[in-house]
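Novice: Please find one structure pasted underneath; my questions will follow.
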Amino acid sequence: MTSNTPPDPEVLRARVEARPVPFWDTLGIEIVRVDEPGHAVLRLPMRPALGTRRAEVLHGGAIATLIDAAAGGAVIALIGDDPDYVGQATLDINVSFLNAITTDAIAEARILRSSRSIGFAQVEVRDAAGTLAAIGRVTYSIIRK
């Protein structure tokens, strides 16, 4: 693949799927789309176990976890097949909650800037109707050999 050839979305998605996170399975986080380097869209299906005291409202901690997961997926989509890549770790996460979510949550993450050892992501979380519910900013350490 040359730098002028857009990456195959299926290859990008496979890269994210090849690095499974068991906690995603526990919460039910699903990959919706990974269609370009540094971009990932994930979904968290709403269910009462993820609710607040009002079971129909998605808990803020679940939303923050979805933001972290989406940013992590975007980092993996950016790294590609780098043989020196070992893993990644969240260094910092900031979440601004704008609206309650009572449906599935969809998080769209984009890497804003990255270097060999660090990546900065912005994540927007929307409900099923497309209403912006939260904005997150995540800093990841990119671990290499």
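The C-terminal position of the sequence shown is numbered 149 in the working numbering, with every residue numbered one higher than the one before it.
Think of the CB as a built atom: it goes at the ideal place given N, C-alpha and C, for glycine as much as any other residue.
Since we're looking at a predicted model, the values are computed, not measured.
1. Mind checking whether P145 and L82 have CB atoms under 8 Å apart?
2. Out of curiosity, what's the CA-to-CA distance linking I122 and Q92?
3. In this structure, does DSSP put E34 in helix, strand or coil?
4. Compare the beta carbon distance of V129 and A73 with 8 Å and say whether it is the shorter of the two.
5. If you draw a straight line from the C-alpha of F101 to the C-alpha of A137, how long is it?
6. Please look up how many angstroms separate the CB atoms of R114 and H43, rounded, as I've assumed it's under 8 Å.
7. Applying the 10 Å Cβ sphere with the 16-neighbour rule, what's the burial state of D29?
8. Nearest-angstrom Cα distance between L116 and R57?
9. Ends of the beta strand (DSSP E) at V99?
10. Leaving out five residues before and five after V90 in sequence, what residues of the same chain have Cβ atoms less than 7 Å from its Cβ?
11. Could you check the C-alpha separation between P49 and D86 for me, to the nearest Å?
Specialist: So, to answer that:
1. With the sequence shown as reference, residue 145 is identified as Ser, and Pro is not the correct amino acid for it. Cβ atoms of S145 and L82: not closer than 8 Å.
2. Distance from the CA of I122 to the CA of Q92, rounded to the nearest whole angstrom, comes to 9 Å.
3. strand
4. no
5. Their Cα atoms are separated by approximately 6 Å.
6. 5 Å
7. Looking at its Cβ environment, which holds fewer than 16 other Cβ atoms inside 10 Å, D29 is exposed.
8. 35 Å
9. Per DSSP, the unbroken beta strand (DSSP E) holding V99 starts and ends at 89-101.
10. I147, R148, K149
11. 32 Å
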